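Residues 7 to 449 (my numbering) make up the sequence shown, in order.
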Amino acid sequence: MPGRHSLFWRLFGLVTLFCLAMIWASDHVGRRINRENSLLSDPARAELLRFAAAAENALAQGDTAYAAWVDEMRWSESDFVVVLDRDLQPMGGVVLNDETRRQLMFVRHYEWPMSRPRERLPLVSVPFGEAGQQLVMRLPERLRPWRNLTWITVVGLYLVPVLLSVVFCSLLYSLLISPLDRLRREANAVRADAPGTPMLTCLGHRRDELGELGRSLEYLTRRLHDSIAQQQQLLRDLSHELRTPLSRLRVACESERAGKDLRSRVAREVDGMQDLVERTLELAWLDSEQSRFDCEPVDVATLWDVLSEDACFEAGWPRERILSQLPADCRVQGNLNALAQAMENVLRNAIRHSPPDGVVRLVAEHDGAHWCLSIEDAGQGVADDELRIIFHPFARLSAARPGGDGFGLGLAIAASMVRKQHGEIWAENASPGLRVTIRLQSV
Numbered sequence: 007m008p009g010r011h012s013l014f015w016r017l018f019g020l021v022t023l024f025c026l027a028m029i030w031a032s033d034h035v036g037r038r039i040n041r042e043n044s045l046l047s048d049p050a051r052a053e054l055l056r057f058a059a060a061a062e063n064a065l066a067q068g069d070t071a072y073a074a075w076v077d078e079m080r081w082s083e084s085d086f087v088v089v090l091d092r093d094l095q096p097m098g099g100v101v102l103n104d105e106t107r108r109q110l111m112f113v114r115h116y117e118w119p120m121s122r123p124r125e126r127l128p129l130v131s132v133p134f135g136e137a138g139q140q141l142v143m144r145l146p147e148r149l150r151p152w153r154n155l156t157w158i159t160v161v162g163l164y165l166v167p168v169l170l171s172v173v174f175c176s177l178l179y180s181l182l183i184s185p186l187d188r189l190r191r192e193a194n195a196v197r198a199d200a201p202g203t204p205m206l207t208c209l210g211h212r213r214d215e216l217g218e219l220g221r222s223l224e225y226l227t228r229r230l231h232d233s234i235a236q237q238q239q240l241l242r243d244l245s246h247e248l249r250t251p252l253s254r255l256r257v258a259c260e261s262e263r264a265g266k267d268l269r270s271r272v273a274r275e276v277d278g279m280q281d282l283v284e285r286t287l288e289l290a291w292l293d294s295e296q297s298r299f300d301c302e303p304v305d306v307a308t309l310w311d312v313l314s315e316d317a318c319f320e321a322g323w324p325r326e327r328i329l330s331q332l333p334a335d336c337r338v339q340g341n342l343n344a345l346a347q348a349m350e351n352v353l354r355n356a357i358r359h360s361p362p363d364g365v366v367r368l369v370a371e372h373d374g375a376h377w378c379l380s381i382e383d384a385g386q387g388v389a390d391d392e393l394r395i396i397f398h399p400f401a402r403l404s405a406a407r408p409g410g411d412g413f414g415l416g417l418a419i420a421a422s423m424v425r426k427q428h429g430e431i432w433a434e435n436a437s438p439g440l441r442v443t444i445r446l447q448s449v
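What follows is the structure in structure tokens.
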């Protein structure tokens with residue numbers, strides 16, 4: 007069954023409205039044509055009134071004058087002319103036969119609607135005088151109605167449906183074809199990579215199937231633009247990051263250093279470049295991979311103990327400088343390896359930017375159906391307008407924070423890892439230091 011905002015209901019309403027309008031228009035126009043064409047025109051009524059006045063004048067002059075007038079009328083206007091009194095009896099000494107009396111049963115008042123002429127024109131009566139006389143005559147051919155019936159029928163019964171069909175097609179075009187045509191033009195603009203290309207928002211306000219199509223294409227376009235922009239940015243940043251160690255390698259090879267020092271320098275530069283390439287490839291894979299990680303319940307306290315031990319061994323910190331304030335029931339729904347790498351990257355970043363006697367702390371707070379895991383360091387923090395930038399690839403704010411070594415990929419990889427687990431990550435300044443929060447579904 008189509009949804010409440012489905013395009014089906016608009017089409018159903020439009021087609022129903024068109025059918026009802028067509029039926030009403032055909033019936034209304036048909037009735038109007040029959041009514042207007044069945045009545046005598048004003049000039050025809052005036053002509054019949056003149057005939058009645060002439061009949062009254064002929065009766066006043068006597069039977070001979072009346073008979074002459076009737077003969078003249080039958081020769082020039084109509085084959086049936088008779089004047090009746092109030093009692094429907096012929097005047098002027100005229101005697102009617104049975105056939106003539108039978109025809110008088112079908113007489114119509116000259117102001118009434120006339121039936122369509124078939125074999126003979128109808129008989130009409132025109133009252134005159136104070137005594138209730140009436141002239142009865144067959145309607146002359148030149149006065150008959152329905153004269154332009156064919157053209158009026160063509161215009162009224164055929165042209166009106168054609169005009170309604172044009173309106174219906176225009177509405178249907180504006181409902182279906184016009185939005186798709188705008189979508190096609192914007193898609194062509196995106197394909198041509200024109201400057202200031204719109205992001206396919208022409209259908210985003212609609213709540214039907216075309217709106218869903220527009221939003222899907224808009225998301226696809228934005229995803230494509232973001233992916234291309236990120237790839238270009240990664241290539242620029244990677245080439246910039248590799249240019250420095252390559253230059254140092256060239257200088258080292260051209261120098262007159264001893265073999266041991268040269269090998270040590272070359273090994274260090276190669277290790278740095280290898281680490282840079284591996285992290286860049288890992289970040290590119292995370293951004294291009296659309297699937298989510300398989301999630302399972304993870305004990306945060308146990309994971310934090312393992313990460314803290316490894317981090318202390320690498321940084322040479324004593325274990326007591328990495329603290330935790332975790333409730334006993336702190337368990338999240340996540341991927342163990344991905345969550346471990348994300349938290350490890352944040353922890354290493356916190357240790358790198360902490361002073362020599364600083365402390366790193368993990369705090370967990372329950373937020374409805376989620377856990378917020380906050381890793382706090384004791385550094386100088388970052389500017390408020392740069393809190394989002396630190397999650398971008400190759401973002402290094404060493405001028406604001408001490409310990410500026412690294413490639414600026416750790417937090418970017420952590421952010422991608424968290425998003426793959428249906429989570430969120432953000433940073434905010436603490437007092438002192440920086441607080442990075444990971445929000446995941448609780449178990």
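Ideal placement from N, C-alpha and C gives every residue a C-beta, glycine not left out. None of these values were measured; they are calculated from a predicted model.
Skipping 5 residues on each side, what residues in its chain have a beta carbon closer than 8 Å to that of Pro408?
Because Pro408 carries a pLDDT of 40, less than 50, the predicted location of this residue cannot be relied on, and no value is offered for it.
Less than 8 Å separating the beta-carbons of Leu149 and Ala50?
yes
Do the CB positions of Val283 and Val338 come within less than 8 Å of each other?
With respect to the 8 Å criterion, Val283 and Val338 are not classified as neighbours on the basis of their beta carbons.
Can you name, in chain order, every residue of its own chain whose Cβ lies under 7 Å from the Cβ of Leu45, other than the five neighbours on each side?
Pro119 and Pro151
Mind the definition here: the stretch 390–398 touches the stretch 364–377 only if three or more C-beta pairs lie below 8 Å; say whether that holds.
no
Compute the distance between the beta-carbons of Leu368 and Ile357, then report whether it is under 8 Å.
no
Please report the residue range of the alpha helix (DSSP H) in which Phe24 lies.
For Phe24, the enclosing alpha helix (DSSP H) starts and ends at Leu13 to Ser44.
When you compare the stretch 159–176 with the stretch 52–59, are there three or more beta-carbon pairs, one atom per stretch, that lie closer than 8 Å?
no
Assuming Leu329 and Trp377 are in contact, meaning their beta carbons sit under 8 Å apart, how far apart are those beta carbons, in whole angstroms?
No, Leu329 and Trp377 are not in contact; Cβ-Cβ is about 18 Å, not under 8 Å.
Any idea what DSSP makes of Cys175, helix, strand or coil?
helix
Using C-beta distances below 7 Å, list every residue in its chain close to Val166, excluding the 5 sequence neighbours before and after it, in chain order.
Ala31 and Val35
Considering only C-alpha positions, which residue in the set Leu110, Arg126 and Phe134 is nearest to Ala58?
Phe134
In the DSSP assignment, the alpha helix (DSSP H) including Ala321 goes from what residue to what residue?
Val306 to Ala321
Skipping 5 residues on each side, what residues in its chain have a beta carbon closer than 8 Å to that of Gln347?
Ile419, Ala420 and Met423
Between Asn351 and the rest of its own chain, which residues show a CB-CB distance below 7 Å, the 5 nearest in sequence each way excluded?
Gly416, Leu417, Ile419 and Ala420
Considering Val76, what are the terminal residues of the beta strand (DSSP E) in which it resides?
Note, Val76: premise wrong, no beta strand (DSSP E); alpha helix (DSSP H) at Asp69 to Ser82.
Would a C-beta distance cut-off of 8 Å place Gly98 and Asp69 closer than the cut-off?
yes
To the nearest angstrom, how far is it from the Cα of Leu177 to the Cα of Ser12?
If I take the Cα positions, the gap works out to 17 Å.
Give the single residue among Ala61, Val173, Pro185 and Phe86 whose Cα lies nearest to the Cα of Gln139.
Ala61
What residue range does the alpha helix (DSSP H) around Asn502 cover?
This structure leaves residue 502 out entirely; the chain is present only between 7 and 449.
Could you please give the first and the last residue of the uninterrupted beta strand (DSSP E) stretch that includes Glu434?
Element bounds for Glu434: Glu430 to Asn435.
Going by the DSSP bridge assignment, what does Asp373 pair with across the sheet?
His376
Rounded to whole angstroms, what's the CA-CA distance from His115 to Tyr72? Just pull it up for me.
Answer to the nearest angstrom: the Cα atoms are 22 Å apart.
Could you name the residues of the same chain whose beta carbon sits closer than 7 Å to that of Gly202, not counting the 5 residues immediately before and after it, in chain order?
Residue placement at Gly202 is poorly supported in this model, since its pLDDT is 48, which falls under 50; the coordinates are not used for a value here.
Quick one: what's Glu302 bridged to in DSSP?
Gly340
Here's a check: name, in chain order, each residue in its chain whose Cβ is nearer than 8 Å to the Cβ of Leu309, leaving out the five neighbours to either side.
Leu342, Leu345, Ala346 and Met349
Under the rule that 16 or more other beta-carbon atoms within 10 Å means buried, what is Val89, buried or exposed?
Burial check for Val89: the Cβ neighbour count within 10 Å reaches 16 or more, so the residue is buried.
Tell me which residues share the same chain as Leu20 and place their Cβ nearer than 8 Å to its Cβ, disregarding the 5 neighbours each side in the sequence.
Within the same chain, Phe174, Leu177, Leu178 and Leu181 come within 8 Å of Leu20 by CB-CB distance, once the 5 residues on both sides are set aside.
Tell me the rounded alpha-carbon separation between Arg80 and Arg38.
In a straight line, the C-alpha of Arg80 is about 34 Å away from that of Arg38.
Specify, as a first and last residue, the run of the beta strand (DSSP E) that Gln140 falls within.
Gln139 to Arg144
Do you know whose CA, among Leu141, Ala137 and Arg126, lies nearest Glu147's CA?
Arg126
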